[in-house]
Amino acid sequence: MDIPNNKKLHQRFPDDFVWGVASAAFQVEGAAREGGRGPSIWDAFNYTPGKIHLNQTADIACDHYHRLEEDVAMIAALGVKAYRFSISWSRVLPQGYSPKNAPSRADKSKLINEEGLAFYDRLINLLLENNIQPWVTLFHWDLPLALQMEQDGLLSSEVADYFADYAELCFSRYGDRVKHWITLNEPWCSAMLGHGMGLKAPGRISTEEPYLAAHNLLLAHGKMVKNYRDNFQAQQGGQIGITNNCDWREPKNPNAKNDQAAAQRALEFFLGWFADPIYLGDYPQSMRERVKERLPKFTDEERALIFKSSDFFGLNHYTTRYAEDMANIDKDDPQSSHGNGGISSDQDVYLSQDDAWEETDMGWAVVPWGCRKLLEWIDQRYDHPDIYITENGCAIPEEDDLAKAQNDSRRVEFYETYLDQCAQAIENGVKLKGYFAWTLMDNYEWEEGYSKRFGLYHVDFATGERNIKNSGRWFQALLSK
Ligand code: GBH
């Protein structure tokens, strides 16, 4: 293909801008029952019939566990200087517990899995040898199954302490080399999709549990950060933050006051839910008013733990929808409860898409300007934080045909237009400091199994063979300027 001339685009980003690619342990590693790894809630969800496309499992996934050298060489070939990956908690602590907190019934001799720890040592060292900075996510949804079964998972008031002890093990083993930590990936998904809508592990459906799970995740984040700041940061000199996800909400009728309010409310229920306690000290007022007693309250101690607990603002962004006030909508219309991205009766927001917007293979609309508007909203609401886009990308239908998959011009266009809007945001004063493409290679797309491909590299899941797509070449060209 003709690689478009992207020199001008690259010049619009500062020299120290962090360019990276991202992945997550459960989606790429495979080796589910090798090297002493224990199961996570996602292994159990995989094996529950009907939860995953064609009941596909992540037992092998990209077999990254056995292809480490090859995969790091692929990252290096892109020209990126940062790689965001996650650690599988149950690979390093197979029972979930660490020696600090294990109940007496646990098998103490097998709490720490040195073989699992050694895998990430190899990965980190390989990256550094290739001049690539590791950006480590501590939790990308794969809670050790033992903590779900024995401790009520994210609904347990004690789960935050387990997070903190697991994180401490990672800081102490890797913090000499890892200078960028992300505590949680998209707690909104664990709370809403995992405990509200039943779409992700642990598959629960409730109008109360999402708020409790979210509260405990915020406490877990706060405790992990406190531990790092108190015991490691001064000596190791790294940064620690959280990654939240948010899709933009645009008022359906930009001149209607109640649509403007609906869009604002939808953003507060989505991103403000997690970012307000960290940057402003409490849940958004709109949530406190509407969710009432189902929304936990912070004690003074909890508030202090969470307030200002992120050194940077991690953002995953994929799409945009229109928002309008539920009062506008015919509630008898079965469509009216569709796609609210939250508990609709709490938000009273109706979401929709424009017929003119192109959709990706996930059904998510491609709306580059929504990315800029979201960056500007964050910049204003949270007083100009350093923002890193830790995920952005798209799935397009590629089936298994290699030639077809490699010619992914729609993905090239996606990156080109979204990055153009990122550059505009920077030109408008937003402190956007980095951008990670999702994702390095086609992988296990959670409940969609292997049916949705987001990679810059194509993966043949029958053979494990990887091949670069044109979008990968486009990044090479962009970064070689
Ligand atoms: C991320 O989650 C995950 O971190 C990653 O593991 C995953 O592979 C990747 O995205 C691709 O799915 O505006 O109502 O249409 C994505 C979280 C939440 C993003 C829902 C899209 C659509 C809501 N997603 N959102 S809507």
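Counting along the sequence shown from 1, when you hit position 308 you're at 307 in numbering that gives the first Met the number 0, and nothing is skipped either side.
For each residue, glycine too, the CB sits at the ideal point set by N, CA and C.
Model, not experiment: these values are computed from the prediction.
According to DSSP, simplified to helix, strand and coil, what is P250?
As a working mapping, residue 250 is identified with position 251 in the sequence shown. In this structure, P250 counts as strand in the three-state DSSP scheme.
Pair within 8 Å by beta-carbon distance, T416 and C393:
Within the sequence shown, residue 416 is the residue found at index 417, counting from 1. Within the sequence shown, residue 393 is the residue found at index 394, counting from 1. Their beta carbons are not under 8 Å apart, which means T416 does not touch C393 by this criterion.
Given a threshold of 16 other Cβ atoms within 10 Å of its Cβ, counted over all protein chains shown, does L192 qualify as buried or as exposed?
Counted from its first residue, the sequence shown places residue 192 at position 193. With 16 or more Cβ atoms within 10 Å of its Cβ, L192 is classed as buried.
Which partner residues does I388 have in the DSSP bridge list?
Reading the sequence shown from its first residue, position 389 is the one you call residue 388. DSSP lists L314, Y434 as the bridge partner or partners of I388.
Straight-line gap, H337 to D353 (C-alpha atoms, nearest Å):
Numbered from 1 along the sequence shown, position 338 holds the residue referred to as residue 337. Numbered from 1 along the sequence shown, position 354 holds the residue referred to as residue 353. Here H337 scores only 47 on pLDDT, less than 50, and its place in the model should not be relied on; the value that follows carries that caveat. In a straight line, the C-alpha of H337 is about 15 Å away from that of D353.
How many Å lie between T298 and P102 at the Cα?
Here residue 298 refers to the residue found at position 299 of the sequence shown. Here residue 102 refers to the residue found at position 103 of the sequence shown. If you take the alpha carbons of T298 and P102, they lie about 27 Å apart.
Simplified DSSP state of G338, which is helix, strand or coil
Reading the sequence shown from its first residue, position 339 is the one you call residue 338. Confidence at G338 is low in this model, with a pLDDT of 46, below 50, so its placement is unreliable and no value can be given for it.
The ligand GBH heavy atoms versus the CB of L350: any closer than 7 Å?
The residue you call residue 350 lines up with position 351 of the sequence shown. Indeed, a heavy atom of the ligand GBH lies less than 7 Å from the Cβ.
DSSP state of N469, grouped into three classes?
Start at 1 with the first residue of the sequence shown, and residue 469 comes out as number 470. Reduced to three states, the DSSP call for N469 is helix.
Could you check if P253 is buried or exposed, using at least 16 other CB atoms within 10 Å of its CB as the buried criterion?
The sequence position of residue 253 within the sequence shown is 254, counting from 1. Taking all protein chains shown into account, P253 has fewer than 16 neighbouring C-beta atoms within 10 Å of its C-beta and is therefore exposed.
What residue from E149, L168, L110 has the CA that sits closest to D120's CA?
Residue mapping note: residue 120 aligns to position 121 of the sequence shown, counting from 1. Taking only the C-alpha atoms, the option nearest D120 is L168.
Does the region 129 to 136 come close enough to the region 97 to 117 that 3 or more CB-CB pairs lie under 8 Å?
Touching, no, given that fewer than three Cβ pairs across the two stretches are closer than 8 Å.
What did DSSP end up calling T416 once you bin it into helix, strand or coil?
Position 417 of the sequence shown holds residue 416. T416: helix per DSSP, three-state reduction.
Whole-angstrom Cβ separation of D281 and R302, contact assumed at under 8 Å?
By 1-based counting over the sequence shown, the position of residue 281 is 282. By 1-based counting over the sequence shown, the position of residue 302 is 303. 7 Å between Cβ atoms; contact.
Go to Q379, then tell me how far its beta strand (DSSP E) extends in each direction, as first and last residue.
Working through the sequence shown from its first residue, we reach residue 379 at position 380. Premise fails: Q379 lies in the alpha helix (DSSP H), 367 to 380, not in any beta strand (DSSP E).
Contacting residues, own chain, Cβ-Cβ under 6 Å from L217 (five flanking each side not counted):
As a first step, residue 217 must be located in the sequence shown, where it is residue number 218. Excluding residues within five positions, the ones whose Cβ falls inside 6 Å are P276, I305.
With H, G and I counted as helix, E and B as strand and the rest as coil, what does DSSP make of S351?
Here the question's residue 351 lines up with position 352 in the sequence shown. Of the three classes helix, strand and coil, the one that applies to S351 here is strand, per DSSP.
Could you check whether the region 434 to 441 touches the region 29 to 44, counting it as contact only if at least three pairs of C-beta atoms, one from each stretch, sit closer than 8 Å?
By the C-beta criterion, the region 434 to 441 is judged not to be in contact with the region 29 to 44, since fewer than 3 inter-stretch pairs fall below 8 Å.
Quick check on the DSSP output: what are the complete beta strand (DSSP E) runs of length 3 or more inside the region 45 to 88, in order along the chain?
Those beta strand (DSSP E) runs which fall completely within the region 45 to 88 and span 3+ residues are 81 to 85.
F118 by DSSP, collapsed to three states: which one?
As a position in the sequence shown, residue 118 is number 119, starting the count at 1. DSSP places F118 in helix when its eight states are reduced to three.
Can you give me the C-alpha to C-alpha distance between I204 and I328, rounded to a whole angstrom?
By 1-based counting over the sequence shown, the position of residue 204 is 205. By 1-based counting over the sequence shown, the position of residue 328 is 329. Their Cα atoms are separated by approximately 25 Å.
Buried/exposed call for P201, threshold 16 Cβ in 10 Å:
Sequence index remark: in the sequence shown, residue 201 carries index 202 (1-based). Taking a 10 Å sphere around the C-beta of P201, we find 16 or more other C-beta atoms and assign the residue as buried.
Where K6 sits in the DSSP three-state scheme
Along the sequence shown, one-based indexing puts residue 6 at 7. Three-state DSSP puts K6 in a helix.
Simplified DSSP assignment, three categories, for W41
Residue 41 sits at position 42 when you count from the first residue of the sequence shown. Three-state result, W41: helix.
Starting from the Cα of G369, find the closest Cα among D141, A262, K80, G95 and give me that residue.
The sequence position of residue 369 within the sequence shown is 370, counting from 1. Closest in C-alpha terms to G369, from the list D141, A262, K80, G95, comes A262.
Euclidean distance between Cα positions of G454 and E292:
Walking along the sequence shown from the start, residue 454 turns up at place 455. Walking along the sequence shown from the start, residue 292 turns up at place 293. The C-alpha of G454 lies about 42 Å from the C-alpha of E292.
Under 7 Å from any heavy atom of the ligand GBH, does the C-beta of W368 make it?
For this step, residue 368 is matched to residue 369 along the sequence shown. It does not: the Cβ of W368 is nowhere closer than 7 Å to a heavy atom of the ligand GBH.
Kindly indicate the opening and closing residues of the beta strand (DSSP E) around H457.
Within the sequence shown, residue 457 is the residue found at index 458, counting from 1. Taken as a continuous stretch (DSSP letters only), the beta strand (DSSP E) holding H457 covers 456 to 458.
Mapping DSSP to helix, strand and coil, what is W363?
Working through the sequence shown from its first residue, we reach residue 363 at position 364. Coil at W363, not helix or strand.
Could you compute how far the alpha carbon of D1 sits from the alpha carbon of R465?
Counting from one through the sequence shown, the residue named residue 1 turns up at place 2. Counting from one through the sequence shown, the residue named residue 465 turns up at place 466. The pLDDT assigned to D1 is 49, lower than 50, so where the model puts this residue is not dependable; a value taken from the coordinates is nonetheless given after this. Straight-line spacing of the CA atoms in D1 and R465 works out to 22 Å.
Anyone know if the C-beta pair for V20 and T438 falls short of 8 Å?
If you number the sequence shown from 1, residue 20 lands on position 21. If you number the sequence shown from 1, residue 438 lands on position 439. Yes, the Cβ-Cβ distance between V20 and T438 is below 8 Å.
Would you kindly check if the distance between the Cβ of W140 and the Cβ of S189 is under 8 Å?
Taking the first residue of the sequence shown as 1, we reach residue 189 at position 190. Taking the first residue of the sequence shown as 1, we reach residue 140 at position 141. Going by C-beta atoms, S189 is nearer than 8 Å to W140.
Does DSSP classify G19 as helix, strand or coil?
Locating residue 19 in the sequence shown gives position 20, where the first residue counts as 1. G19 carries a strand assignment under DSSP once its states are collapsed to helix, strand and coil.
Buried versus exposed, by CB contacts within 10 Å (16 or more), R287
To locate residue 287, count along the sequence shown from 1; it is residue 288. Flag for R287 reads exposed.
Leaving out the 5 sequence neighbours to the left and right, which residues in its chain are closer than 8 Å to W88 when beta-carbon positions are compared?
If you number the sequence shown from 1, residue 88 lands on position 89. Taken in chain order, the residues that qualify are S39, G95, L137, F138, D141, L142, P143, Y165.
Roughly how many whole angstroms lie between the Cα atoms of F312 and G240?
Here residue 312 corresponds to residue number 313 of the sequence shown, with the count starting at 1. Here residue 240 corresponds to residue number 241 of the sequence shown, with the count starting at 1. Approximately 7 Å between the Cα atoms of the pair.
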